[in-house]
Amino acid sequence: MPLTHSLTLFLFRGPSPEAAPPPAIAPPQRGPAKMWNFQSLLGAAGVTLEGGGARSGHGRPSLTNCPGPFLILSTNVGNMAEKRRPLLGFVGKLPSGTAAGNSGKTHCPLCRGLFEAPRLLPCLHTVCTTCLEQLEPFSVVDIRGAESDTSSEGSVFRELKPRALQPQIGILCPVCDAQVDLPVGGVKALTIDHLAMNDVMLESLRGEGQGLVCDLCSDREVEKRCQTCKANLCHFCCQAHRRQKKTTYHTMVDLKDLKGYSQIGKPILCPAHPAEELRLFCELCDRPVCRDCVVGEHREHPCDFTSNVIHKHGDSVRELLRGTQPHMEALEEALAQIKGTNSALQERVKAVATDIRTFSEGYIKAIEEHRDKLLKQLEDIRVQKENSLQLHKAQLEQLLADMRTGVEFTEHLLASGSDLEILITKGVVVERLTKLNKVEYSAHPGVNEKIAFSPKEKAGLCRGYEVYGAINTKEVDPAKCVLQGEDLHRAREKQPAFFTVLCKDATGESMGRGGDNVQVTVVPKDKKDSPVKTMVHDNKDGTYYVSYTPKEPGTYTVLVCVKEQHVQGSPFTVTVRKKHRSHPGVFHCCTFCSSGGQKTARCACGGTMPGGYLGCGHGHKGHPGRPHWSCCGKFTEKSECTWAGGQSGPWSLLRTVAF
């Protein structure tokens, strides 16, 4: 029983006052999921488009107006699935095993056979007509506007304007995936590739003419070719050709004699007038025409014979070709560079991969060797500690046995011995017990179980690689750690302050190594939310150098923690005084020397010299007898100046000018 499909096509008519139109409406599918060529679909349904409307082949209109922005086309399509061959399952893709591009000049890239009615696509790939008809098309409603851009690569709507309805059916090129907009006539309206047909004919001739059929009757195999008509003829048509008066003297050639030919022409007939050959060219329409076309549709168009216009049009094509060839050379050069770069990239990747493997393998061996050393060191520590514990245990057990023997003997003597026996044995017992009581022993083990692994501690080089991780038998005790430094409790505004943290173990011995987690926090007493930035430098010997720079004077609290526990003396306060006042004068032995003998130069020490000298001099009255500052009289060179400023210094004496 034949299957009948009910087909409904929704076509976009244009914008309505109520709503804007959608950009594209694809025909809904019912039954098998197939999309049909629009023109073929209407033809199969008995509907033809004429002008702006459509008519049904059955004499009744099939396009009806409906409310809203759509036109609805409804009809029944019977046995449509039986009239077409199955479509390819994947749009535009080559079957498995098909090479990209035309397989030679004579074979279709889809069916892989000789071309049959080959069609040239806008992307210049050639495919059989039947194969193109099997491709699954897609449909969009194309509203052509002044700003729309349509090409074989695709259709982009830059601005939608109310225009006439143009349902656009397209396919994808099976070779390059370029979008091909089909003309109104569908696949059969595409340009025929006559070059491919000529190549197919030559290919067939080289194969003893197998597969070629007569151009006239299309039933029998070809035996001869008319060189005048450029037609392939079977035996019967060849005899008829010679009997006709017009063709009696045409040159007939056997197919076997054409094998050496590189090109075989064939008349190209007009699609509108199949009996006429295309010999003329319409300049206005830019396409070949026949004689009937010239006296009909192209009556007033400028037309000329193809042999007369081929030079002009051939030259324009050659000019385009000359403009395209440099691009090909540039692209080939670019591809060659890409290929060379890719080859260099692959070589470089291999070299770097080798370096990575070599480095990694060496590093792995170094780590494994370091691991083995650490494990051996750990085993040695275990043996050493265990031997020490065993020795201590043996000593204590022996001492305990000796004391038990002495106690048991003495208790037995006192409990069971007579007075005389006790007195006789007393000397030996007293001597033994006295000796045992004087034996010194440690109630605590001489070693402990403390063994730690510090994975972040540098362990030197192994096989040329820096490795990390060390075994530590000492454990830092925050309660034993101490703080050292002259600036421990005092500092100056905007000047660095320093102190040292000395880490020790439970026995009070220096750790002798770094790697401990020392944390230092310095906060103003009145601004606890504004801590001062601190720097902790690990000296790798158990000491840590701490520096910070207070920005304002005042009282600060310093917290020093090791293993998140406060060390000795933490927290403590630091008094930050104002910035150290520098000396405006000179540090000299006397005013006479520093001023070069000037009488008016004075010094804050208060010394004077006879002869009208207002400053101090060696051995004269008021000289302190040692170097001092001329501005404030202090004897320490690295000290803070106490001069209050003004026109005169202390004791109302002018300072010596610094040279």
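If you want the working numbering, it's the 1-based position in the sequence shown plus 1306.
The C-beta atom is built at its ideal place from N, Cα and C for all residues, glycine as well.
Note that the structure is a prediction, hence the values are computed from the model and not measured.
Put simply, of V1753, D1811, Q1701, V1880 the residue whose alpha carbon is nearest the alpha carbon of P1802 is V1880. G1925 sits in coil when the DSSP states are folded into three classes, being neither helix nor strand. In this structure Y1747 is exposed. Its beta-carbon is surrounded by fewer than 16 other beta-carbon atoms within 10 angstroms. Secondary structure at C1899: helix, using DSSP grouped into helix, strand and coil. A residue is called buried once 16 or more other Cβ atoms fall within 10 Å of its Cβ, and T1432 is buried on that count. Looking only at H1500, G1476, I1477, C1482, the smallest Cα-Cα distance to L1426 is reached by H1500. Within the same chain, Cβ atoms closer than 6 Å to the Cβ of V1824 are found at V1807, V1842, Y1850, V1868, the five residues on either side in sequence being excluded. In the three-state reduction of the DSSP assignment, H1886 falls in the coil class, being assigned neither a helical nor a strand state.
Taking 8 Å as the upper bound for CB-CB distance, L1739 and T1716 are in contact here, some 7 Å apart. Cα atoms of C1540 and Q1550: separation of roughly 16 Å, rounded to the nearest angstrom.
For I1777, there is no enclosing alpha helix (DSSP H); the enclosing beta strand (DSSP E) has its first and last residue at 1771 to 1778. A distance below 6 Å between beta-carbons, with the five flanking residues on each side excluded, links S1853 to the following residues of its chain, in chain order: P1802, F1804, M1841.
In the three-state reduction of the DSSP assignment, N1693 falls in the helix class, which pools H, G and I.
In the three-state reduction of the DSSP assignment, I1687 falls in the helix class. In its chain, beyond the 5 residues on either side, Y1774, G1821 have a beta carbon closer than 7 Å to the beta carbon of K1762. Around the C-beta of R1531, 16 or more other C-beta atoms lie within 10 Å, and the residue is accordingly described as buried. Counting along the chain, D1811 sits inside no alpha helix (DSSP H), nor does DSSP assign it H or E at all. By the C-beta criterion, the segment 1648 to 1659 is judged not to be in contact with the segment 1752 to 1760, since fewer than 3 inter-stretch pairs fall below 8 Å. DSSP, reduced to helix, strand and coil, places R1548 within a helical segment of the structure shown.
When A1776, E1858, V1486 are compared, the shortest CA-CA separation from F1444 is found for V1486.
Across the structure, L1789 and Q1874 are spaced so that their CA atoms are roughly 7 Å apart.
Boundaries for V1782: no alpha helix (DSSP H) harbours it, and the DSSP string shows neither H nor E there. The three-state secondary structure of A1758, taken from DSSP, is strand. Secondary structure at F1421: coil, using DSSP grouped into helix, strand and coil.
Under the DSSP assignment, L1789 falls in the beta strand (DSSP E) whose first and last residues are 1788 to 1790. A1495 and L1488 have their alpha carbons spaced roughly 8 Å apart. A Cβ-Cβ contact shorter than 8 Å links G1918 with K1905. Bridge pairing for Y1862: P1830, V1880 [DSSP].
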